[in-house]
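In our numbering, the protein residues as written are 1 to 715. All residues carry an ideal CB built from backbone N, CA and C; glycine is no exception.
What follows is the structure in structure tokens.
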């Protein structure tokens, strides 16, 4: 806090968080900071009566209500898509007596999902927090705040109930009034009731590490009335506050970017959720820490942070005298990169800050493609962060709102500085239970597709008990013939499905990953078949079958073998029709299979390209050639002929059949058929070898009927 220079009023930065991804797509569950049901609270600020506000934004038009039952306050609101609605909150909502349960919870409900921020404004000491919806709240928390420095001693935390009769167990890290360090005590909270514990002990008293558990979901804040960072000799103090994620949403993998304009680095805290946790900073393991303990360091470089067990990470802006730079303290939670989103819309204060900035932490795959207000951010603005696969950028932005988007999730942090003033917090984050992810299985292990088609892989995520987890982001990296990347969130069955279309022949290696877990599968892409067959039909004329088919397009198409089989018999080639090579225009084909005997037949096309590859297309129905309704004898073909010809005839009834050939004098030349035959369609072959040119007759006799036809042999 600065007493000699008037401090500019601090405003809230509003972030509207939304996920982007273009894939084949199904709606997958993403647990994030958007919601329709919030229970929030304000912590005690430094002194005086602050001005309290909620800022509500949404991706769609919606409406809702802000209700504070304990203060008999009710305020309906409406939100226009991608704009901000401000709701004023009574100052009494932040007036809490330490270690006393009161009824000052703030209930925000809406018809469609909204993002809610709270602004706790007091001249010289202001801060804001991102509200977390009820659907992502948990029952296991560890407080992260900052220490007392004997300037303003007010390290504190708050709790808000969401269900009546909730039992909350608190184990304070510092003796605070009658509450003894390390000794658990219980309180009971009903829906909307709040509780704050504030410690005013001398430095270095710090409620960081306080453990809070409950039997129903609760909201928890970590705050300080007015913190000097990193110590009491650094001027000036500022109110800090964040709504904390449950330990199930903590992570193990972080990539960081320093605050722009700062010369001597930023203060960082890395807090453990489990005993014997090792934090590694830029490849250097730190001494192990236990649950609720933290590593605190000043970092001035782009950094890679990892841990062997889940941790919570916060970046603190140091006071202005730390490096002589215009600034002020703030606390900003940094999510693990598994919790990044793919699109953010943020806004600067309308005035009051001489410098406004956005830090971006992006996968290398989207560097050069990530856009700020629709314009790609130049590659030269990014700095690789070790060998993490991420790069960071410090972007100076003008006043107003800004949209940053990419095809892969990235981190965004919005902040600004003025004389003894500052603001800073993440643009948003997912809040899935990545801390309890135990296994990842990607299937199918191997699959084959034709290029131009879609392939999907399923990443199944489970916890240590084999229970599928919802809302977990799985990243997919594709190398090989169709290099690319994407991501998906697990649905209620624990499956994150990612789909893409291969356009190149060859092999793809697909790596699915979630945090430190990964699984690899193989995809084979084969050449596209040359024909897009849009229809294949038939009709019959007596005992002829006429097949018709239409192609929508052809590539390298040599032609079609027409194949026929009687029921339960093998396929035989009935004919061939030439193709049209390569064409994008529809083409119609026809083939007539003549003089079939009575019976049931199946047909198929064997489409063949010029490289010898082929594919079968089956006629969907069997074709039946029935029994003729009359006795008939057809003209032979060919006619005239030499030496062979075919004679077709049909019998409507079973009977003895005789088919004979006579010369012009009535002498029998040959008896082709003389036997009993069932009703049906028939063909008989006649070979004229051994007879001279001339006119001949052939006669069909059956069941008292007969018919004579003439034919000519020419030699």
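- Looking at the DSSP output, residue 237 shares a beta bridge with no other residue.
- Assignment of residue 44 by DSSP, reduced to helix, strand and coil, places it in the coil class.
- A straight line joining the alpha-carbon of residue 702 with that of residue 668 spans about 18 angstroms.
- Within the same chain, 148, 150 and 153 come within 8 angstroms of residue 202 by CB-CB distance, once the 5 residues on both sides are set aside.
- Per DSSP, the beta bridge partners of residue 499 are 456.
- Using a 10 angstroms sphere on the CB of residue 284, the tally of other CB atoms stays under 16, which defines it as exposed.
- In the DSSP assignment, no residue is bridged to residue 301.
- With a cutoff of 9 angstroms on beta-carbon distance, residue 358 and residue 375 are scored as not near each other.
- For residue 563, the secondary structure class from DSSP, reduced to helix, strand or coil, is strand.
- For the set 160, 71, 619 and 236, the Cα lying nearest the Cα of residue 216 is the one of 160.
- Residue 74 sits exposed, since fewer than 16 C-beta atoms from the chains shown fall within 10 Å of its C-beta.
- If you draw a straight line from the Cα of residue 665 to the Cα of residue 709, it is about 15 angstroms long.
- 9 angstroms or more divides the Cβ of residue 268 from the Cβ of residue 227.
- For residue 625, the enclosing beta strand (DSSP E) covers residues 623-625.
- Check the Cα spacing between residue 131 and each of 351, 76, 597 and 221: the tightest is with 221.
- The segment 417-425 makes no contact with the segment 363-375, as fewer than three CB pairs between them are under 8 angstroms.
- Considering only 686, 705 and 704, the residue with the shortest C-alpha distance to residue 696 is 686.
- Inter-segment contact for the segment 247-267 and the segment 519-538 is absent: fewer than three beta-carbon pairs are separated by less than 8 angstroms.
- The residue from 458, 476, 475 and 477 with its alpha-carbon nearest to that of residue 468 is 458.
- Note on residue 506: under 16 other CB atoms within 10 angstroms of its CB, so exposed under the neighbour-count rule.
- Between residue 168 and residue 63, the alpha-carbon positions lie close to 33 angstroms from each other.
- Just so you know, the alpha carbons of residue 214 and residue 170 end up roughly 9 angstroms apart.
- Note on geometry: alpha-carbon atoms of residue 49 and residue 120 lie some 10 angstroms from one another.
- One alpha carbon belongs to residue 484, the other to residue 368, and they sit about 15 angstroms apart.
- Under the three-state reduction of DSSP output, residue 445 falls in the coil class, being neither helix nor strand.
- Residue 294 sits close to residue 270, with the two beta carbons spaced by under 9 angstroms.
- For residue 634, the closest alpha carbon among the candidates 613, 654, 619 and 659 is that of 659.
- Here DSSP, grouped into helix, strand and coil, assigns residue 364 to helix.
- Between residue 392 and residue 360, the C-beta spacing is below 9 angstroms.
- Taken in chain order, the unbroken stretches of beta strand (DSSP E) that lie wholly in the segment 291-337 and span 3 residues or more are 294-299, 303-317 and 330-333.
- Under the 10 Å beta carbon count, residue 624 is surrounded by fewer than 16 other beta carbons and is classified as exposed.
- With a cut-off of 8 angstroms on Cβ pairs, the segment 543-556 is in contact with the segment 584-593, counting three or more such pairs.
- Spanning the alpha carbons of residue 446 and residue 493 requires a straight line of approximately 22 angstroms.
- The beta carbons of residue 209 and residue 292 sit about 3 angstroms from each other, so the pair counts as a contact at 8 angstroms.
- Secondary structure of residue 392 (DSSP, three-state): strand.
- Around residue 139, the same chain offers 213, 214, 215, 216, 217, 218 and 246 as residues with beta carbons nearer than 8 angstroms, after the five sequence neighbours per side are excluded.
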